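For the sequence shown, counting from 1, position 66 maps to 66 in UniProt numbering; every step adds exactly one.
Input: a single structure, listed below in structure tokens.
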Amino acid sequence: MWFEAYKAFDRDFRAKFFKDPFIPDPLTKSWSDGVQTAKDNYLLNQRETQAAGEQAPFRRGRDNFGRFGSKRFTPYDSGQRDGGARTNSWRPLCLRCGNVGHRADSCTTTTPSKTGRSFLVEWRDGALLRISDHKLVCVRFNLTTCKFDSTPYHGIHMCSLCADTHHGATKCTR
């Protein structure tokens with residue numbers, strides 16, 4: 001499924017390398033950011049293709065290394081590092097149910113972490129979607145911060161746990 005996304009990442013990575021040689025390190029933040037952006041762009045292209053009812057070639061949205069000065073992020077921040085390895089204290093927050101210890105893509109919980117609440121989002125086809133209208137929800141906004149505006153090609157900026165548009169799931173007090 002991700003072959004085209006990885007090809008786009010590889011194409012951008014090689015172009016960046018030949019423009020200004022550096023030592024590639026797959027453990028760096030820029031590497032994981034580039035891969036994640038390539039995946040995001042691939043998913044957006046797939047959605048556009050499905051909506052248009054045609055098969056279009058993979059088209060990249062923005063550059064996979066955040067050119068134009070944009071600051072990139074890594075979904076599910078890797079937490080504190082100790083000598084290059086994750087510390088044992090880091091555990092992911094599920095954007096679907098609000099529990100710690102798993103991610104939305106593997107969530108099988110039948111009730112949200114807060115009693116009396118209902119699920120607002122679901123993970124389907126590699127994307128976080130609002131259940132009420134199946135609109136894309138921005139994972140970046142929920143995990144850290146996102147400077148991109150909500151557009152048809154970029155997810156809604158709303159907390160996946162309470163629907164507040166002023167904070168993401170990691171800052172939710174519900």
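Where a beta carbon is used, it is the ideal one built from N, C-alpha and C, also for glycine.
None of the values given here were measured: they were computed from a predicted structure.
Judged by beta-carbon spacing, Ala15 lies beyond the 8 Å limit of Ala38, meaning their Cβ atoms are not closer than that value.
DSSP places Leu27 in no alpha helix (DSSP H); its state is neither H nor E. In this structure, DSSP gives Ala163 a state outside helix and strand, which the three-state scheme calls coil.
If you look at Leu120, you'll find it isn't in any alpha helix (DSSP H); DSSP assigns it neither H nor E. At the C-beta level, Leu93 and Ala169 come within 8 Å of one another. Using a 10 angstroms sphere on the CB of Ser160, the tally of other CB atoms reaches 16 or more, which defines it as buried. For Arg103, the three-state secondary structure derived from DSSP is coil. For Arg130, the enclosing beta strand (DSSP E) begins and ends at 127-130. In the DSSP assignment, Tyr153 falls outside any alpha helix (DSSP H) and carries neither an H nor an E. Rounded to the nearest whole angstrom, the CA to CA distance from Lys29 to Asp10 is 16 Å. Short of 7 Å from the beta carbon of His157, and not among the five residues preceding or following it, lie these beta carbons of its own chain, in chain order: Cys138, Phe141, Cys146, Ser150, Thr165.
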